[in-house]
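> Got a structure for you, written out below as structure tokens; questions coming shortly.
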Amino acid sequence: MNFRPTSTLGSIIARAAFKAERNDNANHLIDRLLLLALDEPHSHATRLVQMLVGEHNVVQLRSQIEDELYDTEPIDRAERASTRSAFFSKIYDCLASAAVVGEPSNTGHILLLVADDPTTVAGGILRRHHIDYDRVLDAMGVLAVDEDRYLDLRLR
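Okay, here's the thing in structure tokens:
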């Protein structure tokens, strides 16, 4: 598998796994991954959304996703564990396929996956803001691949 996440992406996936243990809405983990990525001010996902809709609209977009997720029905406990393990296998495979060989996967790849999937809650909201797969892909070409370098700059 060609999955080599940045430390930011690895941290977000780990937090999503921890939160999935506590919530009943495990069927919306990709949306929750995007929300966690948008919480990080220096993540590629946040920077891409800022580039596409403006910095002031990131909070509004994030709130809309949270509101719609809050209104969704929880899945039952028996389904939750299998859904969660299947999700993480799938997300690793998807992120590996979205990344360029030899380059790390970053939070921009989460945004790319969500923008490409019309069935996700966040995907529908992104489309309302005119963010689609092609626009995200074009914007990703502007940023350096390794989002961890922003962490390095911030720590200096």
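Positions in the sequence shown are counted from 1; adding 10 to them yields our numbering.
Note that CB positions come from ideal geometry on N, CA and C, so glycine has one too.
Computed from a predicted structure; not experimentally measured.
Taking C-alpha atoms, which residue in 149, 101 and 148 lies nearest to residue 120?
101
> For residue 15, which beta-bridge partners are listed by DSSP?
According to DSSP, residue 15 bridges with 115.
> What would DSSP say about residue 71, mapped onto helix, strand or coil?
helix
> Could you name the residues of the same chain whose beta carbon sits closer than 7 Å to that of residue 172, not counting the 5 residues immediately before and after it, in chain order?
The shown model of the chain, from 11 to 166, leaves out residue 172, and the question about it has no answer.
> Let me make sure I understand the geometry here. Which of 76, 132 and 114 has the alpha-carbon closest to that of residue 18?
114
> Can you list, in chain order, the residues of its chain whose CB lies under 6 Å from that of residue 97, leaving out five sequence neighbours each side?
Cβ within range, chain order: 39.
> Rank 60, 157 and 126 by C-alpha distance to the C-alpha of residue 117 and give the top, closest one.
157
> Distance, Cα to Cα, residue 133 vs residue 145?
13 Å
> If you run the structure through DSSP and keep just helix, strand and coil, what is residue 53?
coil
> Nearest by alpha-carbon distance to residue 15: which of 136, 58 and 104 is it?
104
> Using only the alpha-carbon positions, how far apart do residue 27 and residue 152 sit?
30 Å
> Please state whether the Cβ-Cβ distance between residue 45 and residue 25 is less than 8 Å.
no
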